[in-house]
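Taking it in order: structure first as structure tokens, then the write-up.
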Amino acid sequence: VCGSATETRHSGHERKCVNPACGISHFPRTDPAIIVLVYRTDMPGGACLLGRHSRWPFGMYSTLAGFVEPGETLEQAVSREVFEEAGIETTNVHYLASQPWPFPSSLMLGFHAEATSFEINIDDEELSDCRWFTRDDLRDMKEWLDAKDDDLRLPRRDSISRWLIQRWFDAE
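In my numbering, the protein residues as written are 19 to 190.
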């Protein structure tokens with residue numbers, strides 16, 4: 019407000035102006051981001067949609083994610099992001115859980131959504147690959163740290179992405 023320096027307070031949850039004449043508190047924002055496991059029910063046992071970014075370790079596949087845009091609901095963000103990244107239409111979007119994500123100050127809101135279209139058309143600026151994986155495919159994937167260079171791998175066990183995948187996998 020006054021242009022003076024600020025100090026971090028409450029482990030970074032507040033910035034307080036050091037100017038005694040001002041002393042205003044600022045609260046850094048948290049940006050909502052969605053992360054979603056998209057599944058299909060049109061085939062025996064179903065399948066889930068996982069994608070990968072080129073900057074990830076080779077073989078690493080995860081659920082799709084993106085930021086919520088101003089003026090849209092969380093459910094709209096899920097459907098928009100999945101369509102933009104993979105060309106898949108969705109329905110039955112359900113919130114399941116959240117995870118703090120400090121990059122760059124986000125809150126990841128986890129969802130499952132049912133696919134209503136199945137032909138993948140990736141945005142190659144967002145993803146380097148995207149595929150449907152059956153439960154058998156997931157059983158064959160390696161753990162994050164156990165994978166060799168040419169192995170397909172699951173996200174880390176401490177991530178919401180892995181939790182979303184595991185929840186779908188266990189629901190068989």
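No residue lacks a Cβ here, since even glycine has one placed at the ideal position from N, Cα and C.
All values derive from a computational prediction rather than experimental measurement.
CA-CA distance, residue i and residue j?
i, j, result
"V61", "A104", "First, the residue type needs correcting, since residue 61 is Met and not Val in the sequence shown. If I take the Cα positions, the gap works out to 19 Å."
"A131", "Y57", "6 Å"
"L172", "T48", "27 Å"
"D20", "W150", "The sequence given here places Cys at residue 20; Asp does not occur at that position. Roughly 54 Å separates the two Cα atoms."
"G63", "A133", "14 Å"
"E102", "D141", "7 Å"
"R157", "E90", "36 Å"
First and last residue of the alpha helix (DSSP H) that includes residue i?
i, result
"W74", "Counting along the chain, W74 falls outside any alpha helix (DSSP H), and DSSP gives it neither H nor E."
"A104", "L92 to A104"
Within the same chain, show all residues whose beta-carbon is closer than 6 Å to that of residue i, passing over the 5 residues directly before and after it, in chain order.
i, result
"D169", "G77 and K160"
"D147", "R70"
So who's on the other strand from residue i, going by DSSP bridges?
i, result
"C35", "T24"
"V56", "L67 and A131"
"R185", "For R185, which the question treats as bridged, DSSP gives no partner whatsoever."
"K160", "R171"
"S43", "K34"
"F85", "A51"
Here's a check: name, in chain order, each residue in its chain whose Cβ is nearer than 8 Å to the Cβ of residue i, leaving out the five neighbours to either side.
i, result
"G41", "K34 and C35"
Could you give the residue range of the beta strand (DSSP E) that holds residue i?
i, result
"D147", "D147 to F151"
"S116", "T108 to W119"
"G89", "G89 -> no beta strand (DSSP E), and no H or E assigned at all."
Nearest by alpha-carbon distance to residue i: which of the options is it?
i, options, result
"G128", "S29, T24, R73 and P50", "P50"
"G30", "V19, N37, R98 and P46", "P46"
"D164", "E25, P75 and V86", "P75"
"R27", "L82, I52, Q184 and H44", "H44"
"R73", "E144, R174 and D155", "E144"
"Q184", "T109, S123 and L114", "L114"
Return the chain-ordered list of same chain residues with a C-beta closer than 7 Å to the C-beta of residue i, the five sequence neighbours on each side being excluded.
i, result
"V111", "E93, V96, S97, F129 and A131"
"R180", "L172, P173 and R174"
"T152", "G63 and A65"
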